[in-house]
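Student: The sequence shown maps to residues 1 to 493 in full-length UniProt numbering. I have a structure here, written as structure tokens, and I will follow up with some questions on it.
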Amino acid sequence: MSQIIDENILWKAAEKLRDKVDPADYKNVVLGLVFLKYVSDKYIAKYNELKKNGDGSEEEDDYYIADHVFIVPKNSLWSYVASHSKQVDLGQVIDNAFIELEKNNNQLKGILPKTYSKSDLDKNALGELVDFFTNHLNMEDADGDFFGQVYEYYVGEFAKHIATKGGEFFTPKSLVELMVDILEPYKGRVYDPCCGSGGMFVQCSKFVKKHQGLIDNISIYGQESNPGTWKMAKMNLAIRGLEGNLGDRNADSFTDDLHKNLKADYIIANPPYNLKEYWKPSLDGDPRWVEFGKPDEKNANYAWISLMYSKLSHNGKAAILMPNGATTSNTQDDYKIRKAMIEAGKIDAILALPNKLFSNVSISVQCWVLNKEKTNTDILFINADSMGKLLNRKIRVLEEADINKIVKAYKDFKSNTLEDIPGFCKKASLEEIKSNDYSLNPGRYVGADESNKLSPEEIQDELRKASAELFELIKEGKELEEKVKEILEKEMK
Numbered sequence: 001m002s003q004i005i006d007e008n009i010l011w012k013a014a015e016k017l018r019d020k021v022d023p024a025d026y027k028n029v030v031l032g033l034v035f036l037k038y039v040s041d042k043y044i045a046k047y048n049e050l051k052k053n054g055d056g057s058e059e060e061d062d063y064y065i066a067d068h069v070f071i072v073p074k075n076s077l078w079s080y081v082a083s084h085s086k087q088v089d090l091g092q093v094i095d096n097a098f099i100e101l102e103k104n105n106n107q108l109k110g111i112l113p114k115t116y117s118k119s120d121l122d123k124n125a126l127g128e129l130v131d132f133f134t135n136h137l138n139m140e141d142a143d144g145d146f147f148g149q150v151y152e153y154y155v156g157e158f159a160k161h162i163a164t165k166g167g168e169f170f171t172p173k174s175l176v177e178l179m180v181d182i183l184e185p186y187k188g189r190v191y192d193p194c195c196g197s198g199g200m201f202v203q204c205s206k207f208v209k210k211h212q213g214l215i216d217n218i219s220i221y222g223q224e225s226n227p228g229t230w231k232m233a234k235m236n237l238a239i240r241g242l243e244g245n246l247g248d249r250n251a252d253s254f255t256d257d258l259h260k261n262l263k264a265d266y267i268i269a270n271p272p273y274n275l276k277e278y279w280k281p282s283l284d285g286d287p288r289w290v291e292f293g294k295p296d297e298k299n300a301n302y303a304w305i306s307l308m309y310s311k312l313s314h315n316g317k318a319a320i321l322m323p324n325g326a327t328t329s330n331t332q333d334d335y336k337i338r339k340a341m342i343e344a345g346k347i348d349a350i351l352a353l354p355n356k357l358f359s360n361v362s363i364s365v366q367c368w369v370l371n372k373e374k375t376n377t378d379i380l381f382i383n384a385d386s387m388g389k390l391l392n393r394k395i396r397v398l399e400e401a402d403i404n405k406i407v408k409a410y411k412d413f414k415s416n417t418l419e420d421i422p423g424f425c426k427k428a429s430l431e432e433i434k435s436n437d438y439s440l441n442p443g444r445y446v447g448a449d450e451s452n453k454l455s456p457e458e459i460q461d462e463l464r465k466a467s468a469e470l471f472e473l474i475k476e477g478k479e480l481e482e483k484v485k486e487i488l489e490k491e492m493k
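What follows is the structure, encoded as structure tokens:
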């Protein structure tokens, strides 16, 4: 994306609305306009291409649909919207543009934002943003992936700048790549019960394309409780030409399961962590708890794990992000479920991940890999908490080499060729896990990396160096103190 448009420019564009729009609408306002500009640019590009044929095909909708181009009526074209950027009715013009888009494209019905005419939306700032996109965001030659990159950039940046609630936040790209590479979803049903803006599905489609597979070989199923985020997920899939069943509405996966009979081959998810008020009386006796028991009513972590396990096909696999505390939680229900899953051999691996991967929250997470088909009780533990590259003081990313190293360890484990690496990975038996009271914290098993351990002589040498530096700093501090004292004495005379 950066070679086409500078990311700083994208964020500066969004900043035009900062403090002038309700925070709840901020993201949708900007992303809605990016979407409108994209579909309009692509329609015009296809129109001009067809017009060169001289056979009137530019007036036939089928030619656009065949090329995954949305039908954009006159009043939804960006040029029409932009011509109203200085007018007081701009908000209504944009709302009408989305209404007409939905009328002409069934896959967009009910998902586009139509809040631009709200009285509390600063129309001058909105006009400036429209003008900015007119002058700086040309997407005629871009593909769906480019829009997706712009889209993901904005979602990620909004996650950094806008506080989130209930543990909901943007899952960083490098983490999604790791989870998808672990699962290897070449074909089958892919499910995410808390799909956010659909990033997991997008990465699955990229994995299939990267390995020369057919995108039609995977079927996408998802659910999202937040109405705005659900609509964004639908937009994200539509713009990339991906078909997915995200239900006909936003809904809570616990109390309103839209895919009750689904058995998925792959589940990949980053659920909201430590949800306290998720339980409803209707969940008592729910069939999703049959295998491992009823989860804790006051914390949803193991409810998510149980829900996802229940959705797996007979040979299905899941990669689920959980907060670190989930692997050692000793509340009665959590412990019972974890113990039962371990003894049934349904946990393939636990991966401890570095901190600072999430841009807007300071939390460390672990990836649980579940395997419905597995029966042996060995579990792979990986401690990757020192991996990744710091982009700045607050943000870390997993690099390709990091992902490859973790995935290789997992594949070696599956093929029985794994060699334990102290400080990084270990295959642990049920007996070892029992001796640790069913804790699944990788640090309990992989041990410490001794390869960089200093000898006693090296430690003494480092201490001498540090002491010398400290004495030098103390000396400089005293000299500065004397100078400050002299200055103050002069000022007081």
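The beta carbon of each residue, even a glycine, is placed where N, CA and C say it ideally should be.
If Ser174 and Ile403 are in contact, beta carbons under 8 Å, what's the gap, nearest whole angstrom?
Tutor: With a Cβ gap of about 7 Å, Ser174 and Ile403 count as contacting.
Student: Taking 8 Å as the cut-off, decide whether the C-beta atoms of Ile218 and Val190 are in contact.
Tutor: A contact, by the Cβ cut-off of 8 Å.
Student: Which runs of the alpha helix (DSSP H) at least 4 residues long sit entirely within the stretch 32-110? Give them in chain order.
Tutor: DSSP runs (the alpha helix (DSSP H)) wholly in the stretch 32-110: 61-66, 78-82, 90-104.
Student: Taking Tyr410 as the reference, which of Pro422, Asp348, Glu431 has the closest Cα?
Tutor: Residue Asp348 is the option with its Cα nearest to Tyr410.
Student: Between the C-alpha atoms of Gly166 and Cys194, what's the straight-line distance to the nearest angstrom?
Tutor: With a pLDDT of 43 at Gly166, under the threshold of 50, the modelled position of this residue cannot be trusted, and the question is left open.
Student: Using alpha carbons as the reference points, say which of Asn261, Lys260, Ala269 lies closest to Cys204.
Tutor: The shortest C-alpha separation from Cys204 is found at Ala269.
Student: Please specify which runs of the alpha helix (DSSP H), each continuous and at least 4 residues long, are wholly inside the stretch 410-435, giving them in chain order.
Tutor: If we require 4 residues or more, the alpha helix (DSSP H) runs fully inside the stretch 410-435 come out as 430-435.
Student: Identify every residue that forms a DSSP beta bridge with Arg322.
Tutor: For the sequence presented, residue 322 should be read as Met rather than Arg. Partner(s): Gln366.
Student: What first and last residue would you give for the beta strand (DSSP E) that runs through Arg189?
Tutor: Here the beta strand (DSSP E) through Arg189 covers 188-192.
Student: Less than 8 Å between the beta carbons of Phe98 and Pro113, yes or no?
Tutor: Cβ atoms of Phe98 and Pro113: closer than 8 Å.
Student: By the three-class DSSP mapping on this structure, what secondary structure does Ile9 have?
Tutor: In this structure, Ile9 counts as helix in the three-state DSSP scheme.
Student: Given a cut-off of 8 Å, decide if Ala318 and Ile382 are closer than it, judged by their beta-carbon atoms.
Tutor: Against a cut-off of 8 Å, the Cβ pair of Ala318 and Ile382 comes out as no contact.
Student: What residue range does the beta strand (DSSP E) around Leu351 cover?
Tutor: From DSSP, the beta strand (DSSP E) with Leu351 extends over 347-352.
Student: Give me, in chain order, the residues of the same chain whose beta-carbon lies closer than 7 Å to that of Leu50; leave out the 5 immediate sequence neighbours on both sides.
Tutor: Cβ within range, chain order: Ser57, Glu58, Tyr63.
Student: By how many angstroms is the C-alpha of Tyr47 removed from the C-alpha of Phe413?
Tutor: About 53 Å.
Student: Are the stretch 353-372 and the stretch 307-324 touching, with three or more C-beta to C-beta distances below 8 Å?
Tutor: Short answer: they touch.
Student: Does the stretch 84-94 touch the stretch 114-125, meaning 3 or more C-beta pairs lie closer than 8 Å?
Tutor: Touching, yes.
Student: Give me the residue from Phe254, Asn124, Leu351, Asp378 with the minimum Cα distance to Val365.
Tutor: With distances taken between Cα atoms, Val365 lies closest to Leu351.
Student: Sorted by chain position, which residues of the same chain lie with C-beta nearer than 6 Å to Asn245's C-beta, five sequence neighbours on each side aside?
Tutor: These residues qualify, in order along the chain: Tyr221.
Student: For residue 527, which option in Lys52, Asp296, Leu357 has the closest C-alpha, if you only look at C-alpha atoms?
Tutor: There is no way to answer for residue 527, as the model of the chain reaches only from 1 to 493.
Student: Among all the DSSP beta bridges, which residues are the ones paired with Ala264?
Tutor: DSSP lists Leu312 as partners of Ala264.
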